[in-house]
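Heads up: the structure comes next, in structure tokens.
Below is the structure:
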């Protein structure tokens with residue numbers, strides 16, 4: 054199996070602090086992920102002043118302020134993102150940030166990222182998709198809240214405007230996602246219906262589901278993380294802490310290493326155990342030369358270095374070519 058791309062979603066869990074964002078890069082690097090991802094937006098261009106918070110945001114940050122007020126506290130400057138990109142380069146970890154408005158998109162294009170990460174909320178934003186596609190970069194797109202028709206419509210926009218390399222992430226846009234709503238099988242339905250590579254963007258608590266997604270064929274995994282789940286902010290509680298992130302990465306690497314080529318054959322590591330675990334036809338008592346071999350004087354025991362029991366009927370009825378002691382391997 055090819056290398057699974059793991060994206061550690063820092064999102065807005067830096068709480069608007071550049072220093073905290075740098076620490077998140079360090080934590081992501083230590084965990085062994087491929088990319089650390091942020092979110093770039095101009096609050097006033099992302100939401101209207103009338104936009105309410107999502108229910109989970111109300112639960113985690115209160116109902117007093119608007120979504121706009123909340124996002125103003127969680128934004129970083131363009132200068133911050135330039136420095137974060139440079140820091141990621143020095144630490145040899147990929148930098149990605151999702152743009153949520155045209156100004157942010159134009160700015161991030163100057164940072165020469167490896168691909169665009171399109172969030173679920175923008176999959177029905179035609180002007181946004183057109184602008185993304187016109188850059189010609191690879192797109193990794195989450196599909197939370199979508200049906201197949203909406204996914205195909207977004208693909209059509211991207212492809213008609215210049216993007217051919219598209220990876221689709223199955224996703225559920227609830228924080229945290231109930232396990233009963235994950236519907237992980239839909240990931241491969243997306244693959245079958247679109248012909249695109251697929252992955253999984255996870256919002257469940259814990260690390261089990263993204264690991265399972267890799268076993269089912271995910272090529273990209275995205276997961277929120279935080280330095281401390283008890284910090285103030287909308288996404289911390291549904292995120293992994295650094296130790297959990299590292300455990301997820303290690304488990305995914307083990308799973309991808311375990312997938313193999315699908316050919317059922319004796320592996321190199323088990324070859325030596327063949328002779329120990331399998332059995333051979335042996336004498337069940339002393340046998341004299343010329344005696345007929347029967348079910349009364351032969352049996353099957355370890356080791357497997359002699360005649361295979363699969364040749365039992367070839368042996369029964371033959372005459373002993375020499376004398377055999379009890380438990381000695383039969384020869385014919």
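Numbering (my numbering), first residue to last: 54 to 385. Built from N, CA and C at the ideal position, the CB exists for glycine as well.
### Task
Could you check how far apart the C-beta atoms of residue 371 and residue 385 are, in whole angstroms? I think they sit under 8 Å.
5 Å
### Task
Locate the alpha helix (DSSP H) running through residue 141, then write down its first and last residues.
131–144
Please name the residue, chosen from 205, 190, 209 and 93, that lies closest to residue 167 on a Cα-to-Cα basis.
190
If I'm right that residue 249 touches residue 220 with Cβ under 8 Å, what's the distance once you round it to whole angstroms? 7 Å
- Task: At 3 residues or longer, and completely inside the region 176–215: list those beta strand (DSSP E) runs for me, N to C.
- Result: 191–195
For residue 345, collect the residues of the same chain with a Cβ closer than 7 Å to its Cβ; drop the 5 residues on either side in sequence, then sort them by chain order.
370 and 372
| field | Opening and closing residue of the beta strand (DSSP E) in which residue 120 lies | value | No beta strand (DSSP E) holds residue 120; the alpha helix (DSSP H) holding it covers 120–127.
Q. Quick one: what does DSSP say residue 247 is sitting in, helix, strand or coil?
A. helix
Could you tell me which of 380, 201 and 281 sits nearest to residue 244, measuring between CA atoms?
-> 201
TODO: Could you work out which residue in 143, 246, 279 and 306 is closest to residue 296 when comparing CA atoms only?
DONE: 279
In this structure, how does DSSP classify residue 227 when only helix, strand and coil are distinguished? coil
_Nonlocal neighbours in the same chain, by C-beta distance under 8 Å from residue 123, ignoring five residues either side_ = 106, 110, 114 and 287
| Where does residue 382 sit, in a helix, a strand or coil, going by DSSP? | strand
- prompt: Taking contact to mean at least 3 C-beta pairs separated by less than 8 Å, is the region 83–96 in contact with the region 143–155?
  reply: yes
**Request:** Tell me whether residue 67 sits in a helix, a strand or coil according to DSSP, three-state version.
**Result:** coil
Exercise. At which residues does the beta strand (DSSP E) containing residue 88 begin and terminate?
Worked result: 88–93
Tell me which residues share the same chain as residue 140 and place their Cβ nearer than 7 Å to its Cβ, disregarding the 5 neighbours each side in the sequence.
75 and 78
Q | residue 239 beta carbon less than 8 Å from that of residue 211 | A | no
- From the DSSP output, in three-state form, read off residue 289 for me. helix
Exercise. Specify the secondary structure class of residue 269 as computed by DSSP and reduced to three states.
Key: coil
Which residues bound the beta strand (DSSP E) around residue 150? 147–152
With DSSP as the reference, please indicate the residues paired to residue 352 in a beta bridge. 335
When you compare the region 300–316 with the region 55–64, are there three or more beta-carbon pairs, one atom per stretch, that lie closer than 8 Å?
yes
Pairwise C-alpha distance: residue 316 and residue 173: 37 Å
Note to self: Would residue 146 and residue 81 qualify as a contact pair, given that the criterion is a beta-carbon distance under 8 Å?
What the structure shows: yes
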